[in-house]
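In our numbering, the protein residues as written are 167 to 419.
Backbone N, C-alpha and C define an ideal beta-carbon position, used for all residues, glycine too.
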């Protein structure tokens, strides 16, 4: 039996991928929320990790003992570091970590994504006529909200996209001998700022500061509405991708 683990950080991403598994069941395993689905030849789990490297690593450690996993997939949204469109599918060849101390992975040693599964992912994206962003993905420790910082990170790591979890998931998979690859969808472009430093909402001590900034600057609401629309597009592309991916996997098995 093929045992597929798909890791997604937020409820938004978790639910988008879950739409590809309509008859699935949601439960908690070792405190981690996952959605499971199975047929005669496959077991699929979509795991909600929470944002960031530390949460992603903890989720991997929680679910690893539960199945003889065939593949780990890091999924969800990604930020573009090169010109691209909202909803473009990210399938990188390599993953690097901007701060290797957070994952324990060897600095300047990229995590290589499985060529076999990448090829399968490319075929899936092509069948749905989605543009693919390949190259290198860099995992960062905080939300990168300014376009100038995206540009700097892209140049520093020779990367085309970024996220906050893939390096932790890839490190765990590599150490356990599990094939690993990434499938994400672009939710913000390289040339655009986010409406606010969203890191303010990730910590209790700065949450009020973030809420006050939004409340006292009505103009930011248009930026949040734009971001919401972009995430809706990215969510739809993820759901579409996995619907096709799982059906193609079934036909190949």
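_Burial state of residue 391 (16 or more Cβ within 10 Å)_ = exposed
Identify, in the order they occur along the chain, each residue of the same chain with its Cβ nearer than 6 Å to the Cβ of residue 405, setting aside the five sequence neighbours on each side.
182, 185 and 186
Exercise for review: Given a cut-off of 8 Å, decide if residue 310 and residue 299 are closer than it, judged by their beta-carbon atoms.
Suggested key: no
To the nearest angstrom, report how far apart residue 213 and residue 388 are at their CA atoms.
-> 32 Å
Check your understanding: residue 388 by DSSP, collapsed to three states: which one?
Key -> helix
| task | Quick one: grab the DSSP three-state call for residue 254. | result | coil
If we call anything under 8 Å between Cβ atoms a contact, is residue 301 one with residue 280? no
Using a threshold of 8 Å, state whether the C-beta atoms of residue 244 and residue 215 are closer than that. no
**Asked** When burial is assigned at 16 or more other CB atoms within 10 Å of the CB, is residue 419 buried or exposed?
**Response** Caution is warranted here: a pLDDT of 48 is assigned to residue 419, below 50, making its placement in the model unreliable, and no coordinate value can be reported.
query = Looking at residue 400 and residue 222, is the spacing between their C-beta atoms short of 8 Å?
reply = no
- Query: If you draw a straight line from the alpha carbon of residue 289 to that of residue 409, how long is it in whole angstroms?
  - Reply: 13 Å
Residue closest to residue 364, alpha-carbon to alpha-carbon, out of 372, 358 and 357: 372
Flag this pair as yes or no: are the beta carbons of residue 264 and residue 352 separated by less than 8 Å? no
Worksheet item: Got a sec? Which residues, its chain only, sit under 6 Å from residue 218 by beta carbon, not counting five neighbours each side?
Response: 330
Query raised in the report: Among 177, 258 and 180, which residue has its Cα nearest to the Cα of residue 349?
Result: 258
Practice task
Per DSSP, which residues does residue 329 bridge with? Please list them.
Solution key: 305
Between which two residues does the beta strand (DSSP E) holding residue 186 run? Run containing residue 186: none; DSSP gives neither H nor E here.
Spatially closest choice to residue 195 from 225, 343 and 344, by CA coordinates
225
Query raised in the report: Quick check: the stretch 233-244 against the stretch 336-349, are there 3 or more CB pairs under 8 Å?
Result: yes
Q | Start and end residues, beta strand (DSSP E) containing residue 319 | A | Counting along the chain, residue 319 falls outside any beta strand (DSSP E), though it belongs to the alpha helix (DSSP H) covering 313-323.
Coil, strand or helix - residue 200 by DSSP:
strand
Candidates 354, 370 and 402: which alpha carbon is nearest residue 249's? 354
Name the two residues that bound the continuous alpha helix (DSSP H) containing residue 122. The structure shown has nothing for residue 122, since the chain only spans 167 to 419.
Self-check item: Reference residue 167; option with closest CA among 189, 177, 209 and 203
Solution: 209
- Can you find a heavy atom of the ligand SAM that lies under 7 Å from the Cβ of residue 401? With respect to the ligand SAM, the structure shown offers nothing to examine, as it has no ligands at all.
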